[in-house]
Structure formats: C-alpha cells, structure tokens
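Residue numbers (our numbering): 1365 to 1425. Glycine included, C-beta positions come from ideal geometry on N, C-alpha and C. These notes concern the structure reproduced below.
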C-alpha cells in the first residue's frame, strides 16, 4: 500500500457491520495482525505480471 490504511476505523466499521463486539485489547491485536498481513502482501501486490498473463479473477458484489 502506498498510503497508510486507517485500521482502527476499518475494524470499528467491520465490528458494526458484522455485529461482532470487540474489546479494546482485541481491537489492538487485530490492528497489529491486519497491518502485518498488509505488509506481507505488499511485495506480492507490487509484482507486475507479463502483459499476456492474467491474474486470478476478482469477484465483487
């Protein structure tokens, strides 16, 4: 990611959307884990595929 992501806001929104209440300690740990996952994914997302190669399909609602 090129810009920092607002994990606390994302976590609070998902908490409301999924109706899964979390305490502050769990929110803090979840923020650490999500930031760690994003950091691990960054090199993969930066990898450019050859022009004729397709990536996996992306499904959106």
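Problem set entry | DSSP three-state assignment for residue 1418, whether helix, strand or coil | By one-based count along the chain shown, residue 1418 stands at place 54. Residue state, collapsed to three classes: coil.
For this session: Figure out for me which residue from 1423, 1412 and 1396 has the closest Cα to the Cα of residue 1369.
Result: Counting from one through the chain shown, the residue named residue 1369 turns up at place 5. Of 1423, 1412 and 1396, the residue nearest in Cα terms is 1396.
Problem set entry | Collapsed DSSP secondary structure at residue 1407 in the structure displayed | Start at 1 with the first residue of the chain shown, and residue 1407 comes out as number 43. Looking at residue 1407 - three-state DSSP - the assignment turns out to be helix.
Exercise. Going along the chain, which residues of its own chain have a beta-carbon closer than 8 Å to the beta-carbon of residue 1375, five neighbours each way excluded?
Worked result: Counting from one through the chain shown, the residue named residue 1375 turns up at place 11. These residues qualify, in order along the chain: 1386, 1391, 1394, 1395 and 1398.
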